[in-house]
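Take the sequence shown: its position 206, counting from 1, is numbered 521 in the working numbering, and each next residue is one higher.
The C-beta atom is built at its ideal place from N, Cα and C for all residues, glycine as well.
Since the structure comes first, as structure tokens, the remarks are kept for the end.
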Amino acid sequence: MLCYMLREFFMKVIICENYGEMSRKAAQVFIDQLKEKPDSVLGFATGSTPVGMYQELIKAYNRGGVDFQETTSFNLDEYYPIASENNQSYYYFMHEQLFNHIDIQIENVHIPDGETRDVEKFCLEYEEAIRQAGGIDLQVLGIGRNGHIAFNEPGSSFDSRTRVVDLDQDTIEANSRFFKNISEVPRQAITMGLATIMECKKIVILANGKSKAEAVAKAVEGEATEEVPASTLQRHGDVMFVLEKEAASKLKSIG
Ligand code: F6R
316 MLCYMLREFF MKVIICENYG EMSRKAAQVF IDQLKEKPDS VLGFATGSTP
366 VGMYQELIKA YNRGGVDFQE TTSFNLDEYY PIASENNQSY YYFMHEQLFN
416 HIDIQIENVH IPDGETRDVE KFCLEYEEAI RQAGGIDLQV LGIGRNGHIA
466 FNEPGSSFDS RTRVVDLDQD TIEANSRFFK NISEVPRQAI TMGLATIMEC
516 KKIVILANGK SKAEAVAKAV EGEATEEVPA STLQRHGDVM FVLEKEAASK
566 LKSIG
């Protein structure tokens, strides 16, 4: 595999030659987790970054190398408000990219409800559902250009939990590539909080491309500050950064 370990303490950092290798490495982490614990609680993310990993998981499933029969899943976030049938909803994305192609039981899938009327109650219930499931065993994350994880934008409290948030202008611009025009991008989202994410037992965070290099360097080597939400991961005991080499290019330790 064309990936190498840059460091192996606190946060593991693995640097991969290209997006395909990053995706295969990340998929292997999920496959290993499911071999060890077939009824794992998995945490999924949306966005461009994990698409290759989902494709690898589907290939492995088709080969008989993994199955999702006993798994439960929780997604990090969803636009708010948005109808689940909207092709830009994360509900739609997850079904298209993964759930329609594997044997996960749809009743075990949880995605924040972009149509809920009582969003505060919903957020409390989402946290409770995660607790009831026994916590998330393995969570995949992407990272925003501004250092966000899920939709915890810069300035989010390290103690934050699932809630409604306003999206940063930078995030609205970055995500407008999926919409007809920028005015269609929802301005709010429901997101797991940073404290919610920190309770996941194991975390794998992926980044691809030069536009993520600054955020990755700050998250891995900068100070842990709420201005860089991903830097909270420095205080977690089991985090693995799996980086395509351009996304790793601003790390001082490889210089
Ligand atoms: C999506 C999510 C976001 C993305 C981030 C990177 O569920 O939580 O934090 O991971 O915005 O997005 P991409 O992968 O599209 O660059």
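Practice task
Assign residue 377 to buried or exposed, taking buried as 16 or more other Cβ atoms, counted over all protein chains shown, within 10 Å of its Cβ.
Solution key: Here residue 377 is exposed, its C-beta having fewer than 16 other C-beta atoms within 10 Å.
Exercise for the section: Compute the minimum distance between the beta carbon of residue 458 and the heavy atoms of ligand 1, and state whether it is under 8 Å. Expected result: At least one heavy atom of ligand 1 falls within 8 Å of the beta-carbon of residue 458.
Problem - ligand 1 heavy atom lying under 8 Å from the CB of residue 489 - result: For ligand 1, at least one heavy atom lies less than 8 Å from the Cβ of residue 489.
Practice task
Hey, could you find the ends of the alpha helix (DSSP H) residue 349 is sitting in?
Solution key: Per DSSP, residue 349 belongs to the alpha helix (DSSP H) from 334 to 351.
Practice task
Kindly examine ligand 1 and report whether one of its heavy atoms sits closer than 8 Å to the Cβ of residue 486.
Solution key: Distances from the CB of residue 486 to the heavy atoms of ligand 1 include at least one below 8 Å.
Exercise for the section: With a threshold of 8 Å, establish whether the CB of residue 394 neighbours any heavy atom of ligand 1. Expected result: The answer is no for residue 394.
Problem - Cβ-Cβ distance between residue 372 and residue 346 below 9 Å - result: Cβ distance < 9 Å, so residue 372 and residue 346 count as in contact.
Practice task
Tell me, please, which residues DSSP counts as bridged to residue 331.
Solution key: Bridge pairing for residue 331: 318, 559 [DSSP].
Handout entry: Alpha-carbon spacing of residue 446 relative to residue 434, whole angstroms
Key = Rounded to the nearest angstrom, the two C-alpha atoms are 19 Å apart.
Exercise for the section: Just tell me which of 337, 549, 430, 409 has its CA closest to the CA of residue 421. Expected result: Comparing Cα positions, the closest option is 409.
Problem - Complete runs of the beta strand (DSSP E) confined to the region 404 to 480 [at least 3 residues] - result: Taking only runs of at least 3 residues, the beta strand (DSSP E) segments lying wholly in the region 404 to 480 are 453 to 456.
Handout entry: Nearest-angstrom Cβ-Cβ length linking residue 391 and residue 429, presumed shorter than 8 Å
Key = For a cut-off of 8 Å, the C-beta gap from residue 391 to residue 429 is around 13 Å, too long to register as a contact.
Handout entry: Candidates 517, 507, 542, 493: closest to residue 403 by CA position
Key = The candidate whose alpha carbon is nearest that of residue 403 is 493.
Practice task
Go to residue 565, then tell me how far its beta strand (DSSP E) extends in each direction, as first and last residue.
Solution key: Counting along the chain, residue 565 falls outside any beta strand (DSSP E), and DSSP gives it neither H nor E.
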